[in-house]
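Once you know that position 87 of the sequence shown is 87 in the UniProt record's numbering, the rest is easy, because the numbers rise by one and skip nothing. All C-beta atoms, glycine included, are put in the ideal place defined by N, C-alpha and C.
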Amino acid sequence: MSNLTKLKHEFTKSSDFLVALGDQKRQAIIVALLDPQVIYRGLQVTDLVGVTGLSRPAVSHHLKILKDVQLVDYRREGTKNFYYLTHQTKAIDQLKTLLDHVTETMTCNQKI
């Protein structure tokens with residue numbers, strides 16, 4: 001497989017994850033969930049409404065997108081859901097590999 005074909009395949013594998021990361025509101029949610037004070041207990045949708053300035057349904061929509069790429073998960077305590085970052089790094093590792101291959105290709109092309 002040529003380098004460019006390999007890159008196209010890696011972009012395709014990472015596209016949903018890139019879309020999930022590309023939105024500023026989802027980035028705000030990720031940053032809020034990275035806060036050391038909440039990283040282990042998680043946050044509720046109402047907490048994230050305050051962080052993002054979005055409505056509850058909009059926050060829930062963004063959380064679903066982040067859950068779909070396995071970046072966020074939740075635990076239920078009674079009637080409350082607490083959202084947290086998962087420890088699954090497969091998509092992050094794929095993105096890092098993609099970026100490494102893009103960098104290698106760019107470096108090789110500069111030598112030509």
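Cα-Cα separation, Asp16 to Ile65: Position 16 of the sequence shown, counting from 1, holds the residue named residue 16. Position 65 of the sequence shown, counting from 1, holds the residue named residue 65. Rounded to whole angstroms, Asp16 to Ile65 spans 9 Å at the Cα level.
Practice prompt. Keeping to the same chain, check which residues put their C-beta closer than 6 Å to that of Asp68; ignore five residues upstream and five downstream.
Written response: The residue given as residue 68 occupies position 68 in the sequence shown. Result list for Asp68: empty, nothing under 6 Å.
- Query: What first and last residue would you give for the alpha helix (DSSP H) that runs through Leu63?
  - Reply: In the sequence shown, the residue the question calls residue 63 occupies position 63. Leu63 -> alpha helix (DSSP H) spans Arg56 to Asp68.
#### Entry: With 16 other Cβ atoms within 10 Å as the buried cut-off, status of Ser55
Counting from one through the sequence shown, the residue named residue 55 turns up at place 55. By the 10 Å Cβ count, Ser55 comes out exposed.
Check: For the beta strand (DSSP E) that contains Leu85, what are its first and last residues?
Finding: Taking the first residue of the sequence shown as position 1, residue 85 is located at position 85. It spans Lys80 to Leu85 - the beta strand (DSSP E) in which Leu85 sits, taken as one unbroken run.
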